[in-house]
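Only one structure is covered here, and it is reproduced in the block below.
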Amino acid sequence: MSYRLDLSKVSRRKLAAFCEYNYLLSQAIMEMNNAFILRCKPSLR
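So the sequence shown is numbered by my numbering: it starts at 4 and just counts up by one.
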């Protein structure tokens with residue numbers, strides 16, 4: 004029982020780190036997409 008509890012704690016910590024990594028990655032991808040769109044279509048500015 005205690006092993007299952009420890010496992011859930013570890014997985015929750017890993018899940019939080021994974022979510023933070025995905026958030027930062029999506030932010031970087033959005034910035035790259037915005038820069039790409041502005042470079043291709045300067046009339047949007």
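Positions of the beta carbon are idealized from the N, C-alpha and C atoms, including for glycine.
It should be emphasised that the depicted structure is a prediction, and the values quoted were computed from it without experimental measurement.
Check, Outcome
"What's the C-alpha gap between residue 28 and residue 43?", "22 Å"
"Ignore the nearest five residues each way along the sequence and tell me which others in residue 21's own chain have a CB closer than 8 Å to its CB.", "none"
"Given this structure, state the Cα-to-Cα distance separating residue 25 from residue 37, to the nearest angstrom.", "18 Å"
"Alpha carbon to alpha carbon, how far is residue 18 from residue 35? Give it in angstroms, no decimals.", "25 Å"
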